[in-house]
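Colleague: Pasting a structure here, questions to come.
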């Protein structure tokens, strides 16, 4: 007895390979729309000592806590931290990211390892 298993790429909304559009082309070469040409990029401010890439929940939290740490310790201020993202704060799909956020519940075996 065999069971037919459907190809996930044919029906999964996250992998619509059959219907996805071809990437745009410039002079016959495929162009990645997520890449910003250097001449279109905005220069970072001179005060930027730290750059956090990604304005999702982790990036926003990292930038905020880094700025608070710098101010609290007298090592800098919030203007030393720059947050960049290809779209905008919270615009991405954090729910589809590889990681997850959860409370750390310490157990006996875990406590021994850490």
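Residue numbers (our numbering): 1 to 114.
Yeah, the Cβ is synthetic: ideal placement off N, Cα and C, and Gly gets one too.
Quick caveat: nothing in here was measured; it's all calculated off a predicted structure.
DSSP on residue 14, reduced to helix/strand/coil?
Modeller: Within the chain shown, residue 14 is the residue found at index 14, counting from 1. Reliability fails at residue 14, whose pLDDT of 49 lies under 50, so the model's placement of it is uncertain and no value is given.
Colleague: According to DSSP, simplified to helix, strand and coil, what is residue 113?
Modeller: In the chain shown, residue 113 corresponds to position 113, counting from 1. The answer is helix: DSSP assigns residue 113 an H, G or I state.
Colleague: Taking all protein chains shown into account, do 16 or more other C-beta atoms lie within 10 angstroms of the C-beta of residue 52, making it buried, or fewer, making it exposed?
Modeller: Taking the first residue of the chain shown as 1, we reach residue 52 at position 52. Classification of residue 52: buried, given that the 10 Å Cβ count is 16 or more.
Colleague: Use the C-beta contact count for residue 81: other C-beta atoms within 10 angstroms, 16 or more gives buried, fewer gives exposed.
Modeller: Residue mapping note: residue 81 aligns to position 81 of the chain shown, counting from 1. Its Cβ being crowded by 16 or more others within 10 Å, residue 81 is buried.
Colleague: Where does residue 108 land, buried or exposed, given buried means 16+ other C-beta within 10 angstroms?
Modeller: Locating residue 108 in the chain shown gives position 108, where the first residue counts as 1. Classification of residue 108: exposed, given that the 10 Å Cβ count is below 16.
Colleague: Helix, strand or coil: which one does DSSP assign to residue 42?
Modeller: By 1-based counting over the chain shown, the position of residue 42 is 42. Residue 42 falls in the coil class under three-state DSSP.
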